[in-house]
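So the sequence shown is numbered by the working numbering: it starts at 3 and just counts up by one. Just below is one structure, and these are the notes that go with it.
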Amino acid sequence: MDVFERTASWIAGDPDPVTSKELQELVDAGDVPALEERMGGTLRFGTAGIRGPVGAGSARMNRAVVIRTTAGLASDLLDRHGAPGLVVVGFDARLSSRRFALDAIGVLTSAGFDVRYFPQPSPTPLIAFAGKELGAQATIVVTASHNPPRDNGYKVYDDNGAQIIPPIDERIGAAIDAVGPANGVPRDDPLPASAQPLDATMFDRYWDAVDAERPVTVAGPLCIVMTPLHGVGGQPLLDVLTRAGYTDVHPVPDQFEPDGRFPTVAFPNPEEPGALDRATSMASAINADLIVANDPDGDRLAVVAPEAAGWRALTGNEIGILLSDHVLGHWRHRARPIVLNTVVSSPMLAEVAAFHGAHFEQTLTGFKWIWNASLDLEAAGVGRFALGFEEALGYSIGPAVRDKDGISAALVFADMVAEAAGEGRAVWDLLEAVARRCGLWVSAQYSAHRPGAEGRHEIAAAMTRLGSEQPVAVAGRDVTGVTDYRLGADSRPRWLPATDLVGLSLTGGGRVLVRPSGTEPKLKVYVDLRHDLAPTDDYPTREATLKDEAGRIAAGMAGWLGM
């Protein structure tokens, strides 16, 4: 079928008059490029579920997509389990999230599933915890995490409490493809009484599980500024910090309440320039000790700490290394600790793990891989999960939540800072101590944003070229080897399957990694460099020099690719 035929078929099956009207207006205008953008494919499960701009068509997030996705998920659950069981559903505060969640619940109850749902916007970690805690067959979270305000998404956790991985996501995708028009899918609307809302006791159970894993449980007198960036993590994080004993906590007032319009930030991602300006201004005014920030669904953590020149944001790798060293340094369990990070995150974790006698593994990008790898390792008797992290501000500490959790990570980071302050040390002293023990590692990134169909082709062409041709040198460092992760998966563990990622080894122990983003239209370049610190080395000077070089290499690699 051509695009007009595909569009007519979709309109006929769309239960939402708003999106069907949007498509019809494009048809009437003969806007082929716009129709191709909306009908040029279907959303598929990626690094962290399905995500895309909210709007009409099979390639956008809308009610028809959510209904068909849920029908496919329900069909797969019935095939795998033989009978409908319990499914937990939650949603964030984006403008379309509640409606999407209600549609998902209605499809599930109509299919005979026992549904427990969060009646108000809730953090992804709490929803994921509830699914694991209740032994759900699946857990659904309607969220686009840190994506732009126009986006929404749909995450699925399997019966092991972790996000779905192949072949389950492929099975669900095939089941979705077999679903007919969305308006033909049976759906309860309004919701029947059989769908039961979860109450505040679930948060109490979450708190108990998180508190049990704190390496240090005596809170210090810290002045903390916190912001959820208009997301759903504000009150939960404030409650966790208060229960832990932190009484001098100051939310950024105009970012505290959930608001899917994100009125004070252009991009609700704490990694983005300017996103934490209000927090740093407030922290300066009250002479705070620490800034902690979550992204809109509460699963990521950003940290900003004071130094002589002002406020400085820690990178995701720096936060992950500090948390890892803290957790392993206070390990109290008999089993050997297991730590993991993703292949694009700092290799320094391997050296920190070796120092503490922990077992270390790297996985593909995404906490679905970190947690499924950990469950495999625990089942094999390797040890007990301690911590996993990814450089994109994601951290999981202990077994409470089998996904990244920016709320519990913020608590443990505050505990670590309070402990260090009691010893007369700051965050930067902790980083230097780890670097002198395990070697100085620095990281840099470069992202080339390429939206639309043309952008997808440009990114794909760059990855194809890199598979067959590599630079001789990048920004003065010779390329000494190449690892194409699209090849050789049979010789790797299942948490490192074939993926669109190419790594280059550099002289001096450095590396460059290139991959398309799993959640945004970007080509991403990652650089990691290492240096053994001599006793006479000035740490800040050496770190700054190495970071500058890493940045030049990242930009040089993107330039070589024409991006």
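We treat Cβ as the ideally placed atom computed from N, Cα and C, and that holds for glycine.
Member of Y119, L292 and A422 whose CA lies at the smallest distance from the CA of V227
L292
Taking Cβ positions, are L303 and I340 nearer each other than 7 Å?
no
Can you check whether the CB of V144 is closer than 7 Å to the CB of Y156?
yes
Classify V403 as buried or exposed, calling it buried when 16 or more other Cβ atoms lie within 10 Å of its own Cβ.
buried
Among V354, P308 and P199, which residue has its Cα nearest to the Cα of H328?
V354
Can you list, in chain order, the residues of its chain with a C-beta nearer than 7 Å to that of D486? Leave out the 5 residues immediately preceding and following it.
G469 and V504
Assuming the contact rule is C-beta atoms closer than 8 Å, S445 and V514 should be a hit. Round their C-beta distance to whole Å, please.
With a Cβ gap of about 11 Å, S445 and V514 do not count as contacting.
If we ignore side chains and look at the alpha-carbon of each, how far apart do G561 and Q472 end up?
13 Å
If you measure between the beta carbons of P17 and A214, is that distance less than 7 Å?
no
State yes or no: is the C-beta of T282 nearer than 6 Å to some heavy atom of the ligand ADP?
By its list of ligands, the structure shown contains no ligand whatsoever, and the ligand ADP lies outside what it can speak to.
Closest by C-alpha distance to A164, when choosing among A195, D492, R101 and A130:
A130
So for E392, helix, strand or coil by DSSP?
strand
So the candidates are M3, E24, L28 and P19; which of them puts its Cα closest to the Cα of G43?
M3
For F357 and A491, what's the separation of their Cα atoms in angstroms?
29 Å
N- and C-terminal bounds of the beta strand (DSSP E) containing T501:
No beta strand (DSSP E) contains T501, which DSSP labels as neither H nor E.
Roughly how many angstroms separate the alpha carbons of P150 and G457, rounded to a whole number?
18 Å
Could you tell me which residues DSSP pairs with N185 in its beta bridges?
None; N185 has no bridge partner.
Report back the beta-carbon spacing between R479 and I555 to the nearest angstrom; my notes put them in contact at under 8 Å.
6 Å
Which one of S410, S449, L88 and P298 has the shortest CA to CA distance from V212?
S410
Who pairs with I293 in a beta bridge, going by DSSP?
V227 and V306
In the DSSP assignment, find the beta strand (DSSP E) that holds R334 and state where it starts and stops.
Per DSSP, R334 belongs to no beta strand (DSSP E) and is neither H nor E.
Sub-7 Å separation of I323 and M350 beta-carbons
yes
Could you pull the DSSP bridge partners for N343 from this structure?
Q364 and F391
Within 7 Å, strictly: CB atoms of G558 and V484:
no
Can you tell which of S449, R386 and P298 has the C-alpha that lies nearest to the C-alpha of P127?
P298
Work out the CA separation of R152 and L97 for me, nearest whole Å.
9 Å
Does M3 come out as helix, strand or coil in the three-state DSSP assignment?
coil
7 Å Cβ cutoff met for T111 and S196
yes
With DSSP collapsed to three states, give me the class of H451.
strand
How should Q198 be labelled, buried or exposed, when 16 other C-beta atoms within 10 angstroms of its C-beta is the threshold for buried?
exposed
Check for me: the beta strand (DSSP E) holding F93 runs from which residue to which?
L88 to F93
Can you tell me which of A177, N374 and L389 puts its alpha carbon nearest to the alpha carbon of P499?
N374
Just to confirm the assignment, what range does the beta strand (DSSP E) spanning G276 have?
G276 -> no beta strand (DSSP E), and no H or E assigned at all.
Could you check if E545 is buried or exposed, using at least 16 other CB atoms within 10 Å of its CB as the buried criterion?
buried
Leaving aside the five residues before and after T244 along the sequence, list all residues of the same chain whose C-beta is less than 6 Å from its C-beta, in chain order.
none
Apart from the five residues just before and just after A36, which ones in its own chain have a Cβ nearer than 7 Å to its Cβ?
L28
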